[in-house]
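Scroll down for the structure; my scribbles are underneath it.
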Amino acid sequence: GATVGILGSGQLGRMLAQSARRMGYRVHTLSPGADSPTGQIADREVIAAYDDQAAIARFARDVDVVTFEFENIAAESAAVAARYVPVRPRGDVLHITQNRHREKHALTAAGLPTARYEAVASLEQLHDAIGRLGTPCILKTAGFGYDGKGQVRITAETDPAAAWRMIGAGAAIVEAMVDFEAELSVVAARGVDGAQVDFGVTENRHVDHILDISVADMPLDPAQTARAHEIAGTVMREFDVVGVLCIEMFLTRDGDLLVNELAPRPHNSGHLTIEACASSQFDQQLRAVCGLPLGETARRVPTAMANLLGDHWESGEPDWAAALADPAVNLHLYGKAEPRPGRKMGHLTASAPSRDEAVRRVTQARSALLRTRNT
Ligand code: ATP
Ligand code: MG
Ligand code: MG
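All residue numbers in the sequence shown are consecutive under the numbering used here, ending with 914.
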């Protein structure tokens, strides 16, 4: 049988490895540390830094295809792997999406709408950009940000010098603040033959810049839903993606869709596809990168997901039995040993006859798992 190589060690690689092993593939992962969430599932865990190009070359020689679950793999590492086996998605998709400036530029070049933005590389440029974009706006580091890290909101009262210091200077972008009605995402898959599918529009609710709840099949105007599919299709085609990619979007108060950012891999908002669809986002990533036909993406039942962060361990091990008292609820844990605040440890899903009911059940299950301090 074939062997899939995954660069990356987190929960996205773990769930991909679970899909791969279910379909009879062998899985190798390259992780910087042992016993990673992906490594626990893989047949083989190679311990090496993501920029150790000799290790990447050895890793690539032992597998049939390389994909990644972590977008900050150096483009040079992807290029090294590509000398031996197909890397899917291609390294230049990685290169574009790991830098907010390149990403926004590529989106604009593809005719896709984003928030107004400017690239800034000095405090002086930041001053000018704030002057042109107005306040409020958001300063974001160009690379290596996730869960809102490396971002500062700038209002009329903010001292730009302090904001510039806070993100550690360097390359950044400033975006006009979007007064959005809602946030949504479309997870799409594209095969080696160019066939494309997507999982529809998922509504995302964030708390403290971290995804909190996702709900499948956001009820939008048909024209807006069509537009979301169109945007996803354009991204997949224009960037020639083979694999899975998520497009995060804002729905503005005027009813327009703006692309916020891209993730060239399965996405937290797509975890609910494991229960909601016949082929999950991880099954699709596997099928796409292995050159297989894509699977069915229709939602079989309304489903919602709630993230479990390290904060849920604050008063001890959560009460799993209480959360699972509702038989409609499913638990996913990522095998991470240290439940730090803000760290994604797992998630819950609930499927129900309606979206509202699914949200109610998953939220209730999550509340139930918190043991009260005095018991
Ligand atoms: P992720 O964990 O999704 O990779 P990230 O750190 O890359 O997050 P963004 O998605 O850019 O960051 O921003 C995180 C959140 O901050 C967004 O989901 C949104 O709630 C808010 N946000 C970001 N940019 C804007 C904007 N221009 N206008 C309004 N809100 C924004
Ligand atoms: Mg991001
Ligand atoms: Mg984001």
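We put the CB at the ideal spot given by N, CA and C, even for glycine.
Since the model is a prediction, treat every value here as computed from it, not as a measurement.
When the beta-carbon positions are compared, Asp-732 and Thr-836 stay at least 8 Å from each other. Under the rule that a run must span 4 or more residues, the alpha helix (DSSP H) segments found entirely inside the stretch 824–909 read 859–862, 894–907. Apart from sequence neighbours up to five positions away, the residues of its chain that approach Ala-700 with a beta-carbon distance below 8 Å are Leu-662, ordered along the chain. Relative to ligand 1, Val-717 has its C-beta within less than 7 Å of a heavy atom.
The nearest non-hydrogen atom of ligand 2 is 7 Å or more from the C-beta of Gly-540. Rounded to whole angstroms, the gap between the alpha carbons of Arg-600 and Ala-621 is 10 Å. Relative to ligand 1, Lys-883 has its C-beta separated by 7 Å or more from all heavy atoms. Per DSSP, Phe-738 has no beta bridge partner at all.
By the rule of a C-beta closer than 7 Å to any heavy atom of ligand 3, the residues picked out are Glu-787, Asn-799, Glu-800. Within the same chain, Cβ atoms closer than 6 Å to the Cβ of Ala-802 are found at Cys-785, the five residues on either side in sequence being excluded. Relative to Thr-606, the option among Gln-823, Thr-647, Asp-793, Thr-888 whose CA is nearest is Gln-823.
In its chain, beyond the 5 residues on either side, Phe-719, Glu-720, Ala-721, Glu-722, Leu-723, Leu-759, Gln-763, Leu-796 have a beta carbon closer than 8 Å to the beta carbon of Leu-790. Counting C-beta pairs closer than 8 Å gives fewer than three between the stretch 578–585 and the stretch 612–631, which falls short of the contact rule. Pairing Pro-857 with Arg-882, the inter-Cα distance amounts to about 15 Å. When Cβ pairs closer than 8 Å are counted between the two stretches, the stretch 897–911 is seen to touch the stretch 859–875, the count reaching three or more. For Lys-643, same chain residues with a beta-carbon under 6 Å away, outside a window of 5 residues either side, are Thr-653, Tyr-656 in chain order. Taking each of Arg-561, Ser-558, Ala-904 in turn and checking the Cα distance to Ile-752, the smallest one comes out for Ala-904. Residue ranges of uninterrupted alpha helix (DSSP H) with 4 or more members, entirely inside the stretch 630–690 and ordered along the chain, are 630–636, 639–648, 662–672.
For Val-798, there is no enclosing alpha helix (DSSP H); the enclosing beta strand (DSSP E) has its first and last residue at 796–802. If you ignore the 5 residues before and after Ala-708, its C-beta comes within less than 6 Å of no other C-beta in its own chain. Distance from the CA atom of Leu-546 to the CA atom of Arg-629, rounded to whole angstroms, is 13 Å. The C-alpha of Val-754 lies about 9 Å from the C-alpha of Ala-845. Residues of the same chain with a CB within less than 6 Å of the CB of Glu-769, apart from the 5 flanking positions on each side, do not exist. With a beta-carbon spacing of about 5 Å, Gly-730 and Ala-827 fall inside the 8 Å limit used to define contacts.
A Cβ-Cβ contact shorter than 8 Å links Ala-862 with Ala-907. Contact between Ser-575 and Ser-548 holds: their C-beta atoms lie close to 3 Å from each other, under 8 Å. Just measuring C-alpha positions, the residue of Ala-860, Ala-889, Glu-877, Asp-667 sitting nearest Leu-909 is Ala-860.
The straight-line gap separating the alpha-carbon atoms of Thr-577 and Gly-544 is approximately 11 Å.
Within the chosen limit of 7 Å, ligand 2 reaches the beta carbon of Gly-684 through at least one heavy atom. Leaving aside the five residues that flank Asp-756 on each side, the residues in its chain whose CB is nearer than 8 Å to its CB run, in chain order, Gly-739, Val-740, Thr-741, Arg-838, Pro-841, Arg-894. Nearest to Pro-878 by alpha-carbon distance, out of Leu-847, Ser-890, Ser-808, is Leu-847. Secondary structure at Ile-712: strand, using DSSP grouped into helix, strand and coil. Assignment of Gly-549 by DSSP, reduced to helix, strand and coil, places it in the coil class. Judged by DSSP secondary structure, Gly-772 falls within the alpha helix (DSSP H) whose first and last residues are 761–777. DSSP links Asn-743 through a beta bridge to Glu-722, Ser-753. Ranked by how close their Cα comes to the Cα of Leu-811, the residues His-886, Leu-872, Arg-766, Ala-765 have His-886 in first place.
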